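Right, one structure below, let's go through it.
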Ligand SMILES: [Zn+2]
Ligand SMILES: [Zn+2]
């Protein structure tokens, strides 16, 4: 299994972080977790084959996690020769079909009309979805927006958890326990703490409960860039930590 953080940014445009998007590759599965603005072009800049992505799994409907869905659909239809014929599955919480309907209808072409088979699967939190032989996706509600979920991706002997956007939730930490990589949002410094995002100290508290093989941080707002985040985490959690950048990648 390989995890690549394609976009580690937020709603704030900055030079070196595009919006949220992470690629999990496991056997025949090439799944994009979130697809915010800039993810499509960052995939290309990183030399990642965007033509053969098989799934897009959305954590919630904030613009910084979904805006490149129509960009990718358009790329697969008009940006490839020959155009894509392979099926695509878009996965997300209840409301995903309505969201994709609205995004694509607004641009004058329904997601049903891109010329390749698109399936939208709304996945109730707690359901375990067999994505392919030996690859399972599970979701869990997290405190951010009403629909927000985190994802657990299981491959042969390996587990990755992606928090999406979330506030502090020790239930999430217990759910993530023992994963190989905990890819978790770390949005704001302690002085700017809010209930719907995480600070380094809150991330450390979650990591102490979950005890992941590797703690991988994403979704950094600009004020956090002024903080020594690994030191702030290390003050409360002893395990390995990496502040991801666009293009960071690990083989599990
Ligand atoms: Zn976000
Ligand atoms: Zn959000």
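In this note's numbering, the protein residues as written are 894 to 1145. Just so it is clear, CB atoms sit at the ideal spot from N, CA and C, and this is done for glycine as well. Being a predicted model, the structure only gives us computed values, none of them experimental.
Rounded to a whole number of angstroms, what is the C-alpha to C-alpha distance between residue i and residue j?
i	j	result
residue 944	residue 969	7 Å
residue 974	residue 998	24 Å
residue 1071	residue 1132	12 Å
residue 913	residue 920	23 Å
residue 1107	residue 1012	33 Å
residue 1094	residue 956	26 Å
residue 899	residue 1115	18 Å
residue 1141	residue 942	16 Å
residue 1143	residue 931	21 Å
residue 1118	residue 1008	42 Å
residue 994	residue 983	12 Å
residue 901	residue 1055	12 Å
residue 1124	residue 1137	15 Å
residue 925	residue 1096	23 Å
residue 1120	residue 1033	30 Å
Grab me the residues of residue i's own chain with a C-beta within less than 6 Å of its C-beta, minus the 5 sequence neighbours each way, in chain order.
i	result
residue 1145	894, 1051, 1073
residue 1023	1029
residue 1163	In the structure displayed, the chain extends from 894 to 1145; residue 1163 sits before or after that span and is not available.
Taking Cβ to Cβ, would you say residue i is nearer than 8 Å to residue j?
i	j	result
residue 1001	residue 961	no
residue 1037	residue 1089	yes
residue 1135	residue 1079	no
residue 1075	residue 1109	yes
residue 1103	residue 1127	no
residue 922	residue 897	no
residue 1014	residue 1139	no
residue 927	residue 1057	yes
residue 1043	residue 1035	yes
residue 966	residue 1004	yes
residue 992	residue 959	yes
residue 1021	residue 1006	no
So is residue i buried or exposed if we call it buried at 16+ other beta carbons inside 10 Å?
i	result
residue 903	buried
residue 1010	exposed
residue 1019	exposed
residue 1083	exposed
residue 909	exposed
residue 980	exposed
residue 949	buried
residue 1069	buried
residue 1160	In the structure as shown, the chain starts at 894 and stops at 1145, and residue 1160 therefore has no counterpart that could be examined.
residue 978	exposed
residue 1016	buried
residue 1064	exposed
residue 1026	exposed
residue 1105	buried
residue 918	buried
Only counting the same chain, and skipping five residues up and downstream in sequence, which positions put a Cβ closer than 7 Å to that of residue i?
i	result
residue 1040	953, 954, 986, 987, 988
In chain order, what residues of the same chain have a beta carbon less than 8 Å from the beta carbon of residue i, not counting five sequence neighbours either side?
i	result
residue 963	996, 997, 1000
Exercise. Could you tell me which uninterrupted alpha helix (DSSP H) segments, each at least 4 residues in length, are contained entirely in the segment 1083 to 1108, listed from first to last along the chain?
Key: Counting only runs of 4+ residues, the alpha helix (DSSP H) found wholly inside the segment 1083 to 1108 occupies 1093 to 1103, in chain order.
Quiz prompt | Complete alpha helix (DSSP H) runs within the segment 957 to 1035 (minimum length 4 residues, chain order) | solution = 961 to 971, 989 to 998
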